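Protein chains in written order, with my numbering: chain R, 3 to 106; chain Y, 3 to 106.
2 protein chains.
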Amino acid sequence: MKKLNIIDENAFNDSHMTRLLVHDSPYFKILNFNFRKGQELPVHSHDIEGQVSIFVLEGEGEFLSKDKRISAKRGDILISDISEPHGIRADKDMRVLVTIAPPI
Amino acid sequence: MKKLNIIDENAFNDSHMTRLLVHDSPYFKILNFNFRKGQELPVHSHDIEGQVSIFVLEGEGEFLSKDKRISAKRGDILISDISEPHGIRADKDMRVLVTIAPPI
């Protein structure tokens, strides 16, 4: 059993998105990304089995897919196959928690 | 790809904890629990392989284990083996996101 606080552990950075590896095990990989307004995780995909969840702790922006944008705000959770193109872009400073199972 | 908002989809209830099944797949199971002050998910465990993460979206309380209490606040994430006794108790109205992999 372990605990950490993603707000305490991972700050924003004006020049790029920040990334915190929260947990990695045979069961899932958990990451926290922080985005200043305008920063993004470009649309990408991996040709493997599994799913990813993206949960918005704070801020606003958009979940990105190959051909559309889906609004993202606090409390939103997006679930996508890892093989389906997905990304994130912030309109207001945004903290998200990403869970990948099985881990990549 | 699907999106939902756990704040819009799951209200608090004065008489008991509320539970929303967010997602269930071969890869992970995702749930949202809301606790009014004083409500709790009692300490429990399952004798199976896998891990659970508990992420605090809002509120304050404690993560419970067999013999100790660990403070819980916004941005905290607890990771536990499913086989290790774990629970949650709220001191202030609390929304948490729980991810179980592989799904139970």
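The beta-carbon is built from N, C-alpha and C at its ideal position, and this holds for glycine as well. Computed from a predicted model, the values in this text were never measured in an experiment.
Under 7 Å from the C-beta of residue i: neighbouring residues of chain Y
i         : result
Ala-103/R : Tyr-29, Phe-30, Ala-103
Val-24/R  : Ile-79
Gly-52/R  : Tyr-29
Residue i to residue j span [Cα, whole Å]
i         : j        : result
Ser-17/Y  : Asn-34/Y : 17 Å
Met-3/R   : Asp-10/R : 19 Å
Lys-5/Y   : Ile-81/R : 6 Å
Pro-104/Y : Ser-47/R : 22 Å
Gly-63/R  : Asp-93/R : 5 Å
Asn-15/Y  : Ile-56/Y : 20 Å
Per-residue contacts from residue i into chain R (C-beta, under 9 Å)
i        : result
Phe-14/Y : Under the 9 Å cutoff, chain R gives no residues; its nearest Cβ is about 13 Å from Phe-14/Y.
Gln-41/Y : Here the premise fails: no neighbours, minimum Cβ distance about 19 Å.
Residue i - partner residues in DSSP beta bridges
i        : result
Asp-83/Y : Gln-53/Y
Ala-13/R : Paired residue(s): none; Ala-13/R is not in a bridge.
His-46/Y : His-88/Y
Arg-97/R : Asn-36/R, Glu-60/R
Arg-21/R : Phe-35/R
Ser-73/Y : Glu-64/Y
Where residue i falls, given that 16 or more other Cβ within 10 Å makes a residue buried
i         : result
Lys-31/R  : buried
Leu-99/Y  : buried
Ala-74/R  : buried
Arg-97/R  : buried
Asn-12/Y  : buried
Leu-59/R  : buried
Ile-106/R : exposed
Ile-8/R   : buried
Under 7 Å by beta carbon: chain R residues contacting residue i
i        : result
Lys-4/Y  : Ile-81
Ser-67/Y : Met-3
Ile-72/Y : Lys-5
Where residue i meets chain Y, residues with beta-carbon distance less than 9 Å
i        : result
Glu-64/R : By Cβ distance, chain Y contributes nothing, its closest Cβ being about 11 Å from Glu-64/R, past 9 Å.
Chain-ordered neighbours of residue i on chain R, where CB pairs are closer than 8 Å
i       : result
Asn-7/Y : Lys-75, Gly-77, Asp-78, Ile-79
Chain Y contact residues for residue i, given Cβ-Cβ distances below 8 Å
i        : result
His-88/R : Met-3
Phe-37/R : What Phe-37/R touches in chain Y: nothing, since even the nearest Cβ is about 16 Å away.
When you compare the region 86-97 of chain Y with the region 55-67 of chain Y, are there three or more beta-carbon pairs, one atom per stretch, that lie closer than 8 Å? Touching, yes, given that three or more Cβ pairs across the two stretches are closer than 8 Å.
contact_flag[the region 31-47 of chain R, the region 35-49 of chain Y] where n(CB pairs < 8 Å) is 3 or more: no
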